[in-house]
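Colleague:
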Amino acid sequence: MLKSIIVDDDLMARQSIKTLCDKNPDIQCEKIFADAIEAIDFLGKSPVDLIFLDIEMPEMSGLEMLEKLPTIPQVIFITSNKEYAFEAYEYDVTDFLKKPVLMPRFNKAISKAVERQEKLIEISDSSAASEVYVKSDGKLVRLSYESILYFENVGDYVKVITENGNHIIHGTLKGIDSRLRHPRFIKIHRSFIINLEHVIDIEDNSVLIEKKVIPISRAHRSILMERLNIL
Numbered sequence: 023m024l025k026s027i028i029v030d031d032d033l034m035a036r037q038s039i040k041t042l043c044d045k046n047p048d049i050q051c052e053k054i055f056a057d058a059i060e061a062i063d064f065l066g067k068s069p070v071d072l073i074f075l076d077i078e079m080p081e082m083s084g085l086e087m088l089e090k091l092p093t094i095p096q097v098i099f100i101t102s103n104k105e106y107a108f109e110a111y112e113y114d115v116t117d118f119l120k121k122p123v124l125m126p127r128f129n130k131a132i133s134k135a136v137e138r139q140e141k142l143i144e145i146s147d148s149s150a151a152s153e154v155y156v157k158s159d160g161k162l163v164r165l166s167y168e169s170i171l172y173f174e175n176v177g178d179y180v181k182v183i184t185e186n187g188n189h190i191i192h193g194t195l196k197g198i199d200s201r202l203r204h205p206r207f208i209k210i211h212r213s214f215i216i217n218l219e220h221v222i223d224i225e226d227n228s229v230l231i232e233k234k235v236i237p238i239s240r241a242h243r244s245i246l247m248e249r250l251n252i253l
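Have a look at this one:
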């Protein structure tokens, strides 16, 4: 069962989504919020699997709320305005529901969330974890962190490049980055997460891992430099 919260400034919408949650056995509503600021405080103490999130809210929009979360769980946007759909999907959201939300469409979104939860990389909450499971070619494959060279975003898929071969998984790099909690991994470009243990050398705008030259974006360069042990 997925743990969730509802964040919407519209009372009727909050009540409607809560009723739909109560009728679906795969979802449990932990808390309901009328504004994003209170929701952020709650999530800092009590992580959840899924957020039902309105986009248009007075003090802080749903999109602004996601920018402030250090770790983004699955998100189902619920709004009366479809014009935000494209921008919303930039945040790797699970689904986008238009108000008023009906039960069949709601159940379809929850099924998608459950399926996605199963497909995403399974990673221990402990940074001491030493391995990860990825779903590739219909089976779960165990990979040691040490063997992973880098992750590369390719359209709707992510390539996991390892010392022993490559794997293709369904998802986005943003989704993996929000769940990959280990100090050896760092995002250096919108299309790449690298394993610092495999870096051979670094130039101004790129790193070399084995024979692969990987670009460093300007936005991520300072973060990378902070993580390096430079004499």
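Start counting the sequence shown at 23; every next residue gets the next number (my numbering). Note that beta-carbon positions come from the ideal geometry of N, C-alpha and C, so glycine has one too.
(1) Can you check whether the CB of D71 is closer than 8 Å to the CB of I100?
(2) Given this structure, state the Cα-to-Cα distance separating I236 from E219, to the nearest angstrom.
(3) Is it the case that the Cβ atoms of C51 and I73 are separated by a distance below 8 Å?
(4) So what does E153 bridge to, in DSSP terms?
(5) Three or more C-beta pairs closer than 8 Å, one from the stretch 204-220 and one from the stretch 231-246: is that the case here?
(6) If you count every other CB in all the chains shown that lies within 10 Å of the CB of G187, and 16 or more means buried, which is it?
(7) Express the C-alpha separation of R249 and L24 in angstroms, rounding to a whole number.
(8) Does DSSP put N46 in a helix, a strand or coil?
(9) Is it true that the stretch 63-70 meets the stretch 150-161, where meeting means three or more beta-carbon pairs spaced less than 8 Å apart?
(10) When we look at the beta-carbon of V176 and count the other beta-carbons within 10 Å, is it buried (16 or more) or exposed?
(11) Measuring alpha carbon to alpha carbon, tell me which residue in H242, Y167, M87 and V115 is nearest I59.
(12) Assuming L171 and T184 form a contact by the criterion Cβ under 8 Å, report the distance between their Cβ atoms to the nearest whole angstrom.
(13) With a threshold of 8 Å on Cβ separation, who are the neighbours of S169 within its own chain once the five nearest residues in sequence on each side are excluded?
(14) Check each candidate in L246, P122 and T194 and name the one with the smallest Cα separation from E225.
(15) Between the Cα of I215 and those of E232, S244, D223 and V182, spot the shortest distance and give me the residue it belongs to.
(16) Here's the rule: buried if 16 or more other CB atoms are within 10 angstroms of the residue's CB, otherwise exposed. What is S149?
(17) Do F128 and L42 count as a contact pair if the criterion is CB distance below 8 Å?
(18) Could you say which of I54, Q37 and T93 lies nearest to P122 if we only look at CA atoms?
(19) In whole angstroms, what is the alpha-carbon distance linking M79 and L230?
(20) For A61, count the other beta carbons within 10 Å of its own beta carbon; 16 or more makes it buried, fewer makes it exposed. Which is it?
(21) In the DSSP assignment, find the alpha helix (DSSP H) that holds D32 and state where it starts and stops.
Modeller: Looking at the atomic coordinates:
(1) As a first step, residue 100 is located in the sequence shown; it is residue number 78 there, counting from the start. As a first step, residue 71 is located in the sequence shown; it is residue number 49 there, counting from the start. Contact: no.
(2) Along the sequence shown, one-based indexing puts residue 236 at 214. Along the sequence shown, one-based indexing puts residue 219 at 197. Rounded to the nearest angstrom, the two C-alpha atoms are 15 Å apart.
(3) For the purposes of this step, residue 51 is identified with residue 29 of the sequence shown, where counting begins at 1. For the purposes of this step, residue 73 is identified with residue 51 of the sequence shown, where counting begins at 1. Contact: no.
(4) Translated into positions along the sequence shown, residue 153 becomes position 131. Paired residue(s): S166.
(5) Contact holds between the stretch 204-220 and the stretch 231-246, because three or more Cβ pairs, one in each stretch, are under 8 Å apart.
(6) For the purposes of this step, residue 187 is taken as residue 165 along the sequence shown, with counting starting at 1. With fewer than 16 Cβ atoms within 10 Å of its Cβ, G187 is classed as exposed.
(7) Looking up residue 24 in the sequence shown gives position 2. Looking up residue 249 in the sequence shown gives position 227. Between the C-alpha atoms of L24 and R249 there is a straight-line separation of about 34 Å.
(8) Numbered from its first residue, the sequence shown carries residue 46 at position 24. Residue state, collapsed to three classes: coil.
(9) Taking 8 Å as the limit for Cβ pairs, the verdict is that the stretch 150-161 does not touch the stretch 63-70.
(10) Residue 176 sits at position 154 when you count from the first residue of the sequence shown. Using a 10 angstroms sphere on the CB of V176, the tally of other CB atoms stays under 16, which defines it as exposed.
(11) As a working note, residue 59 is residue 37 in the sequence shown. Nearest C-alpha to I59: M87.
(12) Along the sequence shown, one-based indexing puts residue 171 at 149. Along the sequence shown, one-based indexing puts residue 184 at 162. Contact holds; Cβ gap of about 6 Å.
(13) Here residue 169 is taken as the residue at index 147 of the sequence shown, counted from 1. Only T184, E185 and N186 meet the Cβ criterion.
(14) To locate residue 225, count along the sequence shown from 1; it is residue 203. Per the Cα distances, L246.
(15) By 1-based counting over the sequence shown, the position of residue 215 is 193. Among E232, S244, D223 and V182, the Cα nearest to that of I215 is on V182.
(16) Sequence index remark: in the sequence shown, residue 149 carries index 127 (1-based). Reliability fails at S149, whose pLDDT of 46 lies under 50, so the model's placement of it is uncertain and the value that follows must be treated cautiously. Taking a 10 Å sphere around the C-beta of S149, we find fewer than 16 other C-beta atoms and assign the residue as exposed.
(17) As a working note, residue 42 is residue 20 in the sequence shown. As a working note, residue 128 is residue 106 in the sequence shown. Against a cut-off of 8 Å, the Cβ pair of F128 and L42 comes out as a contact.
(18) Reading the sequence shown from its first residue, position 100 is the one you call residue 122. Checking every option, the nearest Cα to that of P122 belongs to Q37.
(19) Along the sequence shown, one-based indexing puts residue 79 at 57. Along the sequence shown, one-based indexing puts residue 230 at 208. If you take the alpha carbons of M79 and L230, they lie about 44 Å apart.
(20) Here residue 61 is taken as the residue at index 39 of the sequence shown, counted from 1. Counting the other Cβ atoms within 10 Å of the Cβ of A61 gives 16 or more, which makes it buried.
(21) To locate residue 32, count along the sequence shown from 1; it is residue 10. Per DSSP, D32 belongs to no alpha helix (DSSP H) and is neither H nor E.
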